[in-house]
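K.L.:
One structure, as structure tokens, below. Some questions next.
Residue numbers (the UniProt record's numbering): 1 to 265.
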């Protein structure tokens, strides 16, 4: 049995309350409790990284074991910063689908997404027995990954009035500096999106509030929402960060996982 004693996943009080007395379990995993080393040190689950493949596999086994399932029952997609959600009722065979949200109603299947500054969002309609995990970088957030995930859950029988969604650890508004072109994309989509930008030291740039923007999208979708207020860039001890890696000129970076599943009796 893989060692799970060092794992320190963050759990949302709102999701925990929403799934009380049900078999749904969730966790926003940190880099704590893994076997990777170097700048991957910890629980790196990024299969696209250049980390030792055996270490990544062991880290995924540990996450699966925390849920009480094998690593083969921990289902993730090939993330491409899209607004696409897929349904999984069994582990994917062969090439993984290119999508940024995975939805399931199958007990014993844990759906997850990996991040390193982008926002993870975990969803549940516990009454219907439907859960989802979504990956929301700025492209997916603007393009509609929240809405696509909710619609996919509804396709399985969820009711959006019962859906709860929690935004997990992501790059915070004090660390996410963007250029004018980036800001214009949002303003062109909806002038009200200007509310999620604030001044940066460089007058040609701005700071973007990704978690705040996603909370807005969840509210607009009619989903009650919660946010885990943790900045992946600022907290190196607990989180991997793509932007921190680029600022340091490191050659690669790890990824943390956020996952949710309906446990079997």
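Beta carbons are placed, not taken as given, at the ideal position from N, Cα and C, and that holds for glycine.
State the CB to CB distance for the pair residue 4 and residue 62, rounded to an integer number of angstroms; the pair is presumed to be in contact (CB under 8 Å).
P.N.:
Right, their Cβ atoms sit about 5 Å apart.
K.L.:
Determine the extent of the alpha helix (DSSP H) in which residue 14 is found, giving its start and end residues.
P.N.:
From DSSP, the alpha helix (DSSP H) with residue 14 extends over 13-18.
K.L.:
Can you check DSSP and say which residues form a bridge with residue 25?
P.N.:
Note: residue 25 sits in a beta bridge opposite 261.
K.L.:
With a threshold of 8 Å, are at least 3 pairs of Cβ atoms found where one atom belongs to the segment 94-106 and the other to the segment 222-233?
P.N.:
As far as the Cβ criterion goes, the segment 94-106 does not touch the segment 222-233, which means the pair count is below three.
K.L.:
Roughly how many whole angstroms lie between the Cα atoms of residue 164 and residue 147?
P.N.:
The straight-line gap from Cα to Cα measures roughly 13 Å.
K.L.:
How about residue 236 and residue 243: do their beta carbons lie closer than 8 Å?
P.N.:
Result no, Cβ atoms of residue 236 and residue 243 do not sit closer than 8 Å.
K.L.:
Inspect the beta-carbon positions of residue 207 and residue 176 and report whether they are closer than 8 Å.
P.N.:
Result yes, Cβ atoms of residue 207 and residue 176 sit closer than 8 Å.
K.L.:
Is residue 136 closer than 8 Å to residue 145 when the C-beta atoms are compared?
P.N.:
Yes. Within cutoff.
K.L.:
Since residue 256 and residue 114 are thought to touch, with beta carbons under 8 Å apart, how far apart are those beta carbons, to the nearest angstrom?
P.N.:
Sure, about 7 Å apart at Cβ, within 8 Å.
K.L.:
Can you give the Cα-Cα distance for residue 110 and residue 54, rounded to whole angstroms?
P.N.:
The alpha-carbon atoms of residue 110 and residue 54 are separated by roughly 21 Å.
K.L.:
Exposed or buried, which one is residue 278 when buried takes at least 16 other CB atoms within 10 Å?
P.N.:
The shown model of the chain, from 1 to 265, leaves out residue 278, and the question about it has no answer.
K.L.:
Report the partner residues of residue 207 according to the DSSP bridge assignment.
P.N.:
Residue 207 pairs with 177 and 198.
K.L.:
Does DSSP put residue 69 in a helix, in a strand, or in coil?
P.N.:
Coil.
K.L.:
Drop a sphere of 10 angstroms on the beta-carbon of residue 51, count the other beta-carbons inside from all chains shown, and report buried for 16 or more, exposed for fewer.
P.N.:
Result: buried.
K.L.:
So, is the C-beta of residue 210 closer than 8 Å to a C-beta in chain B?
P.N.:
No chain B appears in the structure shown, which is made up of a single protein chain.
K.L.:
Taking the continuous alpha helix (DSSP H) assigned at residue 126, which residues delimit it?
P.N.:
Counting along the chain, residue 126 falls outside any alpha helix (DSSP H), and DSSP gives it neither H nor E.
K.L.:
I believe residue 60 touches residue 74 by the beta-carbon criterion, under 8 Å. Please report the beta-carbon distance rounded to the nearest angstrom.
P.N.:
Residue 60 to residue 74, Cβ: 6 Å. Contact.
K.L.:
Can you grab the Cα-Cα spacing for the pair residue 219 / residue 202, in whole Å?
P.N.:
Each residue's Cα considered, the two are about 32 Å apart.
K.L.:
Whose CA, out of 254, 262, 263 and 258, lies closest to the CA of residue 39?
P.N.:
Checking every option, the nearest Cα to that of residue 39 belongs to 254.
K.L.:
Can you tell which of 25, 65, 30 and 64 has the C-alpha that lies nearest to the C-alpha of residue 8?
P.N.:
The shortest Cα separation from residue 8 among 25, 65, 30 and 64 belongs to 30.
K.L.:
If you draw a straight line from the C-alpha of residue 150 to the C-alpha of residue 105, how long is it?
P.N.:
Straight-line Cα distance between these residues: approximately 13 Å.
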